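Enquirer: In terms of full-length UniProt numbering, the sequence shown opens at residue 1 and continues consecutively.
Even for Gly, the Cβ is constructed at its ideal location relative to N, Cα and C.
Given the structure is predicted, the values throughout are model-derived calculations rather than measurements.
I'd like to ask you about the structure that follows.
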Amino acid sequence: VRRLLFIGVGCQVQALRAIEADLGLEKLYVLGTNCVDNPRSSEALQRFLRSASETPETAVGFEFVQDNRIHVKHADGRYERIPVFSLREPHTCSGVIAKSCYSCFDYTNALTDLTVGYMAAPWEGGRMTEHSQYCVVRNERGREMVDLLVGAGALELGDAAPDGGGLPREGLIAGVLRPELDLAF
């Protein structure tokens with residue numbers, strides 16, 4: 001392996017950067033996300049889905065979304081939207097998130113080349129796969145990734161603050177990333 005695209009959350013990226021010099025890679029691209037909705041075990045995930053979903057056996061993923069609901073995606077493509085405060089058994093959330101995550105030291109994933117996510121992005125309704133995300137371009141490799149995605153039609157860029165509000169920040173952009181990527185860096 002001469003070139004590698006690594007995708008991870010903050011603690012994983014921190015560990016990767018600690019050994020990066022020893023990997024002998026020609027080029028390393030690091031794409032990061034915020035660490036949310038990452039169950040610590042399959043048992044905890046199943047227990048959580050049994051509590052939250054009407055049909056947990058067909059659930060293929062979930063997201064805690066800005067509309068204060070859990071969006072559960074099912075195998076048939078439909079989304080079930082459950083208000084967070086109406087979980088039938090709220091105690092089943094216990095154990096879903098590892099205790100070490102409660103003291104996260106890099107939630108923003110600051111050591112990536114490019115960070116993407118939806119936290120603090122305006123809620124537009126609809127499915128998360130069609131919803132605007134934010135992108136933080138942290139360096140030239142991050143810019144290279146964005147340029148490749150835009151050139152391939154896999155990323156549509158928008159304004160960081162389309163309503164004119166918010167604090168403009170260099171490198172912060174909004175966009176919709178297409179999930180069906182087949183790109184080579």
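Put F105 into one of helix, strand or coil per three-state DSSP.
Expert: In the structure shown, F105 sits in coil (DSSP, three-state: anything other than H, G, I, E or B).
Enquirer: Please report the Cβ distance between V72 and F62, rounded to the nearest whole angstrom; I am assuming they are in contact, meaning their Cβ atoms lie under 8 Å.
Expert: Sure, about 5 Å apart at Cβ, within 8 Å.
Enquirer: Is D113 buried or exposed, if buried means 16 or more other CB atoms sit within 10 Å of its CB?
Expert: By the 10 Å Cβ count, D113 comes out buried.
Enquirer: Can you tell which of R3, I19, V146 and R78 has the C-alpha that lies nearest to the C-alpha of S53?
Expert: With distances taken between Cα atoms, S53 lies closest to R78.
Enquirer: Would you list the residues sitting across from G61 in a DSSP beta bridge?
Expert: Looking at the DSSP assignment, G61 forms a beta bridge with K73.
Enquirer: Could you pull out every residue in the same chain whose Cβ sits closer than 6 Å to the Cβ of P56, ignoring the five residues on either side in sequence?
Expert: Counting only Cβ-Cβ distances below 6 Å, and skipping sequence neighbours, we find L49 and R50.
Enquirer: Nearest to S132 by alpha carbon, out of L157, E80, S103 and T58?
Expert: Of the candidates L157, E80, S103 and T58, the one whose C-alpha sits nearest the C-alpha of S132 is L157.
Enquirer: Counting only the same chain and skipping the five closest in sequence on each side, list residues whose C-beta sits under 6 Å from that of R141.
Expert: Excluding residues within five positions, the ones whose Cβ falls inside 6 Å are Y29 and D113.
Enquirer: Which partner residues of R3 appear in the DSSP bridge assignment?
Expert: For R3, which the question treats as bridged, DSSP gives the partners K27.
Enquirer: Could you give the distance in angstroms between the alpha-carbon of A75 and the alpha-carbon of G32?
Expert: When rounded, the distance between both Cα atoms is 26 Å.
Enquirer: At what residues does the beta strand (DSSP E) containing G158 begin and finish?
Expert: Run containing G158: L155 to G158, per the beta strand (DSSP E) assignment.
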